[in-house]
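Line order of the protein sequences matches chains A and B. If you read the first sequence in this note's numbering, its first letter stands for residue 1, the second for the next number, and so on. If you read the second sequence in this note's numbering, its first letter stands for residue 324, the second for the next number, and so on. Working notes, structure below.
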Amino acid sequence: MEFLSDIASLINSTLRISTPLVFAAMAGIFAERSGVIDFSLEGKMLMAAFVAAVGSYFLGNPWLGLLLAIIACVSLSMLHGFASVTYKGDQVVSCVAINILIIGLTTALAAAWFGQAGLTPTLNEDQRFLEVNLPFAESLRDVPIIGTIYSDILSGHYIFVYLAYLSVPLVFWVVFKTSFGLRLRAVGENPSAVDTAGINVFAMRYKALAINGVLIAFAGAHLSTAVNANFFREMSAGRGYLALAAMIFGKWHPKTALVACLLFGFTDALQIRLQGVELPAIGEIPVQLIQAIPYVLTVVLLAGFVGKAIAPNAIGQPYIKER
Amino acid sequence: MAPVDKSKVPWWVSNLIVPLVNLTLALLVSGLFIFIAGENPYEAVRLIIYGSFGYIEGFAYTLYYTTNFVFTGLAFAVAFHCRLFNIGGEGQAYIGGLGVFLVAINFSFLPVPIVWLLSIAGAVVFGAAWAFIPAYLQATRGSHVVITTIMFNFIAASLMVFLLVDVIRDTAQMGPHTVALPKEQWFPSFKDFAGLFGIKIRYSPLNISFLLAIAASVFVWFLVWKTRWGYEMRAVGHNTQAAIYAGISPYKNIIIAMCISGGLAGLLGVNEILGVHHKIVAGFPAGYGFTGIAVALMGRNHPIGIFPAAFLFGILYQGGSEVTFDMPNITRYMFVAVQGVIILFSGALENLFRPQIESFFVNRLNIKASA
Numbered sequence: 001m002e003f004l005s006d007i008a009s010l011i012n013s014t015l016r017i018s019t020p021l022v023f024a025a026m027a028g029i030f031a032e033r034s035g036v037i038d039f040s041l042e043g044k045m046l047m048a049a050f051v052a053a054v055g056s057y058f059l060g061n062p063w064l065g066l067l068l069a070i071i072a073c074v075s076l077s078m079l080h081g082f083a084s085v086t087y088k089g090d091q092v093v094s095c096v097a098i099n100i101l102i103i104g105l106t107t108a109l110a111a112a113w114f115g116q117a118g119l120t121p122t123l124n125e126d127q128r129f130l131e132v133n134l135p136f137a138e139s140l141r142d143v144p145i146i147g148t149i150y151s152d153i154l155s156g157h158y159i160f161v162y163l164a165y166l167s168v169p170l171v172f173w174v175v176f177k178t179s180f181g182l183r184l185r186a187v188g189e190n191p192s193a194v195d196t197a198g199i200n201v202f203a204m205r206y207k208a209l210a211i212n213g214v215l216i217a218f219a220g221a222h223l224s225t226a227v228n229a230n231f232f233r234e235m236s237a238g239r240g241y242l243a244l245a246a247m248i249f250g251k252w253h254p255k256t257a258l259v260a261c262l263l264f265g266f267t268d269a270l271q272i273r274l275q276g277v278e279l280p281a282i283g284e285i286p287v288q289l290i291q292a293i294p295y296v297l298t299v300v301l302l303a304g305f306v307g308k309a310i311a312p313n314a315i316g317q318p319y320i321k322e323r
Numbered sequence: 324m325a326p327v328d329k330s331k332v333p334w335w336v337s338n339l340i341v342p343l344v345n346l347t348l349a350l351l352v353s354g355l356f357i358f359i360a361g362e363n364p365y366e367a368v369r370l371i372i373y374g375s376f377g378y379i380e381g382f383a384y385t386l387y388y389t390t391n392f393v394f395t396g397l398a399f400a401v402a403f404h405c406r407l408f409n410i411g412g413e414g415q416a417y418i419g420g421l422g423v424f425l426v427a428i429n430f431s432f433l434p435v436p437i438v439w440l441l442s443i444a445g446a447v448v449f450g451a452a453w454a455f456i457p458a459y460l461q462a463t464r465g466s467h468v469v470i471t472t473i474m475f476n477f478i479a480a481s482l483m484v485f486l487l488v489d490v491i492r493d494t495a496q497m498g499p500h501t502v503a504l505p506k507e508q509w510f511p512s513f514k515d516f517a518g519l520f521g522i523k524i525r526y527s528p529l530n531i532s533f534l535l536a537i538a539a540s541v542f543v544w545f546l547v548w549k550t551r552w553g554y555e556m557r558a559v560g561h562n563t564q565a566a567i568y569a570g571i572s573p574y575k576n577i578i579i580a581m582c583i584s585g586g587l588a589g590l591l592g593v594n595e596i597l598g599v600h601h602k603i604v605a606g607f608p609a610g611y612g613f614t615g616i617a618v619a620l621m622g623r624n625h626p627i628g629i630f631p632a633a634f635l636f637g638i639l640y641q642g643g644s645e646v647t648f649d650m651p652n653i654t655r656y657m658f659v660a661v662q663g664v665i666i667l668f669s670g671a672l673e674n675l676f677r678p679q680i681e682s683f684f685v686n687r688l689n690i691k692a693s694a
C-alpha cells in the first residue's frame, strides 16, 4: 500500500505544481491567438505574486489581494498592448522590458517597504487562501481506490487548483465555440481580412490582452497567497517561460497545453521526490542537476518530438491599417 | 500625424535627439520609483554622479562595469541584426568563464601572454558552444531562442553550481569557488598602472580587459558592416524570404550569428576571471548579461552607440552602489528596474515621440532653407 500512497501523493503534487502553469498557458493562448507574442507571462506572474501578497497583508483579505493582482496584471498587459499594438514597437522587446522591470521593481519595493531583502511579511491564516476539503472527503477516505482518488488526490487543494482546471474547458469554449473566439483567432491569423469585415483589430487585441492579464493574476496569487505565505525574490522561477513552452508544445490549444503543463508539473514533482534518494545502479544524483530537469525538458519539448509547431500566422507583427 | 520622409530627417535627430528624449523619459519614470520607495530622487542623482565620477577609484569602477556591458551589449546586438533575441548572455558568460579558467589552469606551463590568448579563445569557444544548441534548434526546429536561451541560463546556473560544489571546488575553502589562478596569470589592473605613475589606489577591478572591449567593438563593427557575411546576416534578419531568394542560407547565418553572440558574451568571463576574481565564484555574471539587452537597444545595436550606452550603465551601476550605500531604502534591484524602464522606452516604445520629434526638426529646417 505504501507504493499506492506514493503514487497518490505524486499525482497530488503534480496537480498543485501544474496550477500556475495552467493559468499562464491559458493566458498565453489568448494573447498569442490574437497575434501578440507574450513572453511577459513571467513578469506578470511575479507582479501578481507581489501585489497579491502585499495587498492581502495590508487589507487582511486574500480576495482583495487577488483583485489588486488582477488590476496590476491587466495594467501590465495594457502597457504591452500600448507599446506593441498601438505604437507598433517590437513585441519581444516589450516583453523583455516588462520582465526585467518587474524582477527589479518587486524586489526593490519589497526591500524598501519591508526591509527584509526582498521578502514580504508572512501572511496569517486570514490573509491567505487555505486548502479546500471537498465534502465527504474524511468519511470516504477508507474506501479502497475511490477513497484514495477522492480524498488523497482530488480533495484538500487550494481553490486556485480547482479554478485552473475549470478554466481549461472554459477557455476552450470561448476560443473555439463562440463568435468572440472566432474573431480572436482570425485576428491572429489574418488581421486584414478581419479588418475588412468591419472588426476593430486593435480592440480585439486589447480585449485578448485584458483576459490574459486576469488569468495570469491567478497564477501569481496562487504562488504567494496559497502555496507560500509571502512573496520572495524571483519566486516565479521561470514558470512563465515553462508555460509558454507548454503552450507552444500544445500547439496553442487549451487541451494539449494542459497535457504539457501536467507533464511539466509531474517532472517537477518527481524532481522534488528524487532529491537525496539513492537510485539503483546510478546512486544519488546531485541536487543541482535534478533541479535542472524541468528546464532541460522544456528545451527538449520545444525541439518538438511531435513535429514543428505552427504559430498563428500574424504573430509578432504589428497590424498597420492601410490608408 | 503624417509620417515624415525618412530621407529628410538629419541623422543626428534620429540617432541622437530621439534616443536622448527616450532616455530622459526613462530616467523620469525611474525617479518616480525612487520616490515611491521613499527616497529623494534628486539626492539619488547627486549620489550617482559623485559615486561614478567623484573620485578616481569610483571612476575606475565605472569603466570596469563599462567593460562588462560592452561585451554583453555587443553580444545581444550581433544576434539582433539577424533578428534573434539572444537573452542567454548570462548563461553564455557563465560558461565562458568556465572556459577561461579551465584553459588558464591547464596550460599554466606556457608563457603568460600565450595563456592569455588561449584563455580568451577558451571564453569565446565555451560561450559560443553554449549558444550553439539554442541556435541549432531555432534554425532547424523553429524553437524560439527567447525560451531556449532563458532555459539555458537556468541550466548553466545549475551546472556551474554543481561543478563548483562537487567537481572543481577549492576543497581547502568552504565557499563554492575554485582555487585561484597563479598570480602571474592575473591581468594587470588599473592599480598597477597607476602605481607606475606614482598614484596610489587601494583596489581597482579595472584591468586590461577594457582594451579587449575596445577591440571587440571594432571587430563587431567590421564584421557586421564590412564583410560579406555581415551583409548576409543582416539580410536574413531584415527579410528572410528575400534572403533565401538571393541564395543566402538563413540556417547557416542563424547559427553563426548566435555563436558569435555567445562568444562575445563569453568574453565577460575574461574580465571577471583573469581581471577581477582570478577564480570562478558562483554567480559571477551577476545580471550583466541581461543589462546587455538594455545597452544594445539604447546604443541602437551599433558599436558606436553601444560604447556610450555601456558607459552610461557603468555610471548607473557604480553610482547605484553609492546610492544603495547611503540610502537604506534603495537596493541594487532598483537599478534592475531602471534597466527595464530604459529597455521599454528606448526599445519597445521608441516610436512614442519619434514622428513628432522628426517632423518638428524637418519643418524647422525647411523654414530655415526657404527663408
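Every residue gets a Cβ at the ideal spot worked out from N, C-alpha and C, and that includes glycine.
- Using the rule of at least 16 other Cβ atoms within 10 Å of the residue's Cβ for burial, across every protein chain shown, is proline 280 (chain A) buried or exposed? Counting from 1 along the first sequence, the entry for residue 280 (chain A) is found at position 280. With fewer than 16 other Cβ atoms within 10 Å, it is exposed.
- Query: If you draw a straight line from the C-alpha of serine 224 (chain A) to the C-alpha of tryptophan 113 (chain A), how long is it?
  - Reply: Here residue 224 (chain A) corresponds to residue number 224 of the first sequence, with the count starting at 1. Here residue 113 (chain A) corresponds to residue number 113 of the first sequence, with the count starting at 1. Answer to the nearest angstrom: the Cα atoms are 17 Å apart.
- Query: Buried or exposed: where does valine 541 (chain B) fall if 16 or more other Cβ atoms within 10 Å of its Cβ makes it buried?
  - Reply: As a working note, residue 541 (chain B) is residue 218 in the second sequence. Flag for valine 541 (chain B) reads exposed.
- Item | Buried versus exposed, by CB contacts within 10 Å (16 or more), alanine 692 (chain B) | To locate residue 692 (chain B), count along the second sequence from 1; it is residue 369. So alanine 692 (chain B) ends up on the exposed side.
- Taking only the alpha-carbon atoms, compute the straight-line gap between histidine 601 (chain B) and valine 559 (chain B) and give it to the nearest angstrom. Mapped onto the second sequence, residue 601 (chain B) falls at position 278. Mapped onto the second sequence, residue 559 (chain B) falls at position 236. Straight-line Cα distance between these residues: approximately 40 Å.
- Message: Please list, in chain order, the residues of the region 609-636 of chain B that have any C-beta partner in chain A closer than 8 Å.
- Response: Phe613, Ile616, Ala617 and Leu620
- Message: The alpha helix (DSSP H) that contains tyrosine 387 (chain B), what's its start and end?
- Response: Numbered from 1 along the second sequence, position 64 holds the residue referred to as residue 387 (chain B). First-last of the alpha helix (DSSP H) with tyrosine 387 (chain B): 379-404.
- In angstroms, rounded to a whole number, what distance separates the CA positions of lysine 255 (chain A) and isoleucine 216 (chain A)? Looking up residue 255 (chain A) in the first sequence gives position 255. Looking up residue 216 (chain A) in the first sequence gives position 216. Going by the C-alpha atoms only, they are around 18 Å apart.
- Item | N-terminal and C-terminal residue of the alpha helix (DSSP H) that tryptophan 439 (chain B) is part of | Taking the first residue of the second sequence as 1, we reach residue 439 (chain B) at position 116. Segment 435-464, the alpha helix (DSSP H) holding tryptophan 439 (chain B).
- Query: Taking just the CA atoms, how far does isoleucine 410 (chain B) sit from valine 469 (chain B)?
  - Reply: For the purposes of this step, residue 469 (chain B) is identified with residue 146 of the second sequence, where counting begins at 1. For the purposes of this step, residue 410 (chain B) is identified with residue 87 of the second sequence, where counting begins at 1. The straight-line gap from Cα to Cα measures roughly 6 Å.
- Message: 7 Å is my cut-off, CB to CB: does serine 94 (chain A) come that close to chain B?
- Response: Taking the first sequence and counting its residues from 1, the one referred to as residue 94 (chain A) is at position 94. For serine 94 (chain A), the answer is yes, since a Cβ of chain B falls inside 7 Å of its Cβ.
- Message: Is it buried or exposed, threonine 347 (chain B), if we count other Cβ atoms within 10 angstroms and call 16 or more buried?
- Response: The count along the second sequence starts at 1 and reaches residue 347 (chain B) at position 24. Answer is exposed; the Cβ neighbour count stays below 16.
- Query: Given that proline 286 (chain A) touches chain B, what residues does it touch there, using C-beta distances under 7 Å?
  - Reply: Numbered from its first residue, the first sequence carries residue 286 (chain A) at position 286. Under the 7 Å cutoff, chain B gives Phe485 and Asp489.
- Does the beta carbon of phenylalanine 370 (chain B) sit closer than 7 Å to a beta carbon anywhere in chain A? Translated into positions along the second sequence, residue 370 (chain B) becomes position 47. This sequence places leucine at residue 370 (chain B); phenylalanine is not what is there. No, leucine 370 (chain B) does not count as interfacial toward chain A.
- Query: So, do the region 372-390 of chain B and the region 551-570 of chain B have three or more beta carbon pairs nearer to each other than 8 Å?
  - Reply: no
- Item | Residues bridged to glutamate 284 (chain A) [DSSP beta-bridge criterion] | Position 284 of the first sequence holds residue 284 (chain A). DSSP output for glutamate 284 (chain A) lists A:Glu278 as bridge partner(s).
- Message: Could you check whether the Cβ of methionine 621 (chain B) sits closer than 6 Å to any heavy atom belonging to the ligand HEM?
- Response: Among the ligands in the structure shown, none appear at all, so the ligand HEM cannot be discussed.
- Stretch pair the region 194-202 of chain A + the region 3-19 of chain A: three plus CB contacts closer than 8 Å: no
- Task: Consider the Cβ of arginine 492 (chain B): report whether some Cβ of chain A lies at a distance smaller than 7 Å.
- Result: For this step, residue 492 (chain B) is matched to residue 169 along the second sequence. No, arginine 492 (chain B) does not count as interfacial toward chain A.
- Query: Are glycine 396 (chain B) and alanine 619 (chain B) close, meaning C-beta to C-beta below 7 Å?
  - Reply: For the purposes of this step, residue 396 (chain B) is taken as residue 73 along the second sequence, with counting starting at 1. For the purposes of this step, residue 619 (chain B) is taken as residue 296 along the second sequence, with counting starting at 1. Against a cut-off of 7 Å, the Cβ pair of alanine 619 (chain B) and glycine 396 (chain B) comes out as a contact.
- Message: Looking at the secondary structure, which residues open and close the alpha helix (DSSP H) in which arginine 183 (chain A) lies?
- Response: Position 183 of the first sequence, counting from 1, holds the residue named residue 183 (chain A). From DSSP, the alpha helix (DSSP H) with arginine 183 (chain A) extends over 179-189.
- Given that aspartate 90 (chain A) touches chain B, what residues does it touch there, using C-beta distances under 7 Å? As a first step, residue 90 (chain A) must be located in the first sequence, where it is residue number 90. Within 7 Å Cβ-Cβ: Gly670 and Ala671.
- Closer than 7 Å by beta-carbon distance: list the chain B residues that pair up with isoleucine 103 (chain A), in chain order. Taking the first residue of the first sequence as 1, we reach residue 103 (chain A) at position 103. The contacting residues are Val659.
- Going by C-alpha distance, which of B:Glu362, B:Trp439, B:Pro499 and B:Arg623 is nearest proline 511 (chain B)? If you number the second sequence from 1, residue 511 (chain B) lands on position 188. The option with the nearest alpha carbon to proline 511 (chain B) is B:Trp439.
- Task: Run down chain A in chain order and give the residues with a C-beta less than 8 Å from the C-beta of arginine 464 (chain B).
- Result: Locating residue 464 (chain B) in the second sequence gives position 141, counting from the first residue. Going along chain A in sequence order, the residues near arginine 464 (chain B) (Cβ under 8 Å) are Leu302, Ala303, Gly304 and Lys308.
- Item | One or two residues paired with tyrosine 158 (chain A) in a DSSP bridge | Position 158 of the first sequence, counted from the start, is the residue given in the question as residue 158 (chain A). In the DSSP output, where bridge partners are listed per residue, tyrosine 158 (chain A) has A:Glu131.
- Listing by chain order, which chain B residues have their CB less than 7 Å from the CB of tyrosine 295 (chain A)? Mapped onto the first sequence, residue 295 (chain A) falls at position 295. Near tyrosine 295 (chain A) (Cβ distances below 7 Å), the residues of chain B are Met474, Phe477 and Ile478.
- Task: Indicate the three-state DSSP secondary structure (helix, strand or coil) for histidine 500 (chain B) in the structure shown.
- Result: Within the second sequence, numbered from 1, the residue matching residue 500 (chain B) stands at position 177. In this structure, histidine 500 (chain B) counts as strand in the three-state DSSP scheme.
- alpha helix (DSSP H) segment containing arginine 551 (chain B), residue limits: As a first step, residue 551 (chain B) must be located in the second sequence, where it is residue number 228. Residues 551-561.
- What are the boundary residues of the alpha helix (DSSP H) that includes leucine 590 (chain B)? Residue 590 (chain B) sits at position 267 when you count from the first residue of the second sequence. Unbroken alpha helix (DSSP H) run through leucine 590 (chain B): 573-592.
- Buried/exposed call for threonine 19 (chain A), threshold 16 Cβ in 10 Å: As a position in the first sequence, residue 19 (chain A) is number 19, starting the count at 1. Counting Cβ neighbours within 10 Å, threonine 19 (chain A) comes out buried, since at least 16 surround it.
- Query: What is the DSSP secondary structure of valine 332 (chain B), counted as helix, strand or coil?
  - Reply: Stepping through the second sequence from its first residue, residue 332 (chain B) is reached at position 9. It is coil, neither helix nor strand.
- Query: Which residues in the same chain as leucine 119 (chain A) place their Cβ atom closer than 8 Å to its Cβ, once the five residues preceding and following it in sequence are excluded?
  - Reply: Along the first sequence, one-based indexing puts residue 119 (chain A) at 119. Ala110, Asn230, Phe231, Phe232 and Arg233.
- Message: Between alanine 360 (chain B) and chain A, is the shortest Cβ-Cβ distance under 7 Å, so that the two count as touching?
- Response: On the second sequence, residue 360 (chain B) is found 37 positions in, with the first residue counted as 1. Alanine 360 (chain B) counts as touching chain A.
- Measuring CA to CA, which of B:Asp328, B:Thr389 and B:Leu350 is closest to tyrosine 711 (chain B)? Since the first residue shown for chain B is 324 and the last is 694, residue 711 (chain B) is missing from the structure and cannot be characterised.
- Query: Name the DSSP bridge partner or partners of asparagine 530 (chain B)?
  - Reply: Working through the second sequence from its first residue, we reach residue 530 (chain B) at position 207. BP columns for asparagine 530 (chain B) point to B:Ser512.
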